[in-house]
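In our numbering, the protein residues as written are 407 to 609.
Cβ atoms here follow ideal geometry from the backbone N, Cα and C, with glycine treated the same way.
If you're wondering where the values come from, they're calculated on a predicted model, not measured in any experiment.
To keep things clear, I will list the structure first and then write my remarks on it.
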């Protein structure tokens, strides 16, 4: 009987689905606003995931507080993945957000969505999903460029992008994404402390 009750509590209700939809859209907007300007400039495009991590932290944490169940984090990542696919980004970006959101979901789930520090780690993992396309570039630059040319990316953009690459870009991108996501999550944890207490989320 108790297990049936717990199972019902873990299922997403209509209200939960509406909340998830609204917050996922807000997370998408935050990522686009703070990361988009980097993606548009070829010399800065590798730092898209760094910029994208800046604004969404508080919204991400509030989503978990509002709906501490399995599904919301993956839904937010799925929305980003669909956007990346529809707008013609490299397929590795779509895969990155899908994998990142699944792993982020598992991280938050490991403490039943009730530990703020773990939820911040979950956000960091989610943000690292945005590095997918760029990791694919470093693995095979020629194949990556060829694919983007097929998708209609201007040769001038790709040439300028390639010219900006040095040995520190990958490290800076990954470390910057982690640090900015950590900062965003920390700010969110302070701004939303009362919301977390109400939801029973511990430090």
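Given a cut-off of 8 Å, decide if residue j and residue i are closer than it, judged by their beta-carbon atoms.
i, j, result
"residue 601", "residue 418", "no"
"residue 566", "residue 448", "yes"
"residue 524", "residue 514", "yes"
"residue 453", "residue 582", "yes"
"residue 440", "residue 461", "yes"
"residue 564", "residue 555", "yes"
"residue 597", "residue 464", "yes"
"residue 470", "residue 478", "yes"
"residue 474", "residue 519", "yes"
"residue 580", "residue 537", "yes"
"residue 545", "residue 607", "no"
"residue 568", "residue 547", "yes"
"residue 476", "residue 573", "no"
"residue 481", "residue 430", "yes"
Quick check on DSSP: helix, strand or coil for residue i?
i, result
"residue 546", "coil"
"residue 521", "strand"
"residue 416", "helix"
"residue 607", "coil"
"residue 579", "helix"
"residue 573", "coil"
"residue 472", "helix"
"residue 601", "helix"
"residue 447", "coil"
"residue 558", "coil"
"residue 494", "coil"
"residue 595", "helix"
"residue 504", "helix"
"residue 364", "Nothing about residue 364 can be reported from this structure: the residues present for the chain run from 407 to 609 only."
"residue 477", "coil"
"residue 430", "helix"
"residue 516", "coil"
I believe residue i touches residue j by the beta-carbon criterion, under 8 Å. Please report the beta-carbon distance rounded to the nearest angstrom.
i, j, result
"residue 587", "residue 533", "4 Å"
"residue 483", "residue 427", "Going by Cβ atoms, the distance from residue 483 to residue 427 rounds to 14 Å, so no, they are not a contact pair."
"residue 543", "residue 591", "No, residue 543 and residue 591 are not in contact; Cβ-Cβ is about 27 Å, not under 8 Å."
"residue 495", "residue 539", "6 Å"
"residue 466", "residue 433", "6 Å"
"residue 501", "residue 595", "Rounded, the Cβ-Cβ distance is 29 Å, inconsistent with contact."
"residue 438", "residue 444", "Actually they are not in contact, since the Cβ atoms of residue 438 and residue 444 sit about 11 Å apart, beyond 8 Å."
Would you say the beta carbon of residue i comes nearer than 7 Å to a heavy atom of the ligand MN?
i, result
"residue 513", "The model depicted lacks the ligand MN and carries no ligand whatsoever."
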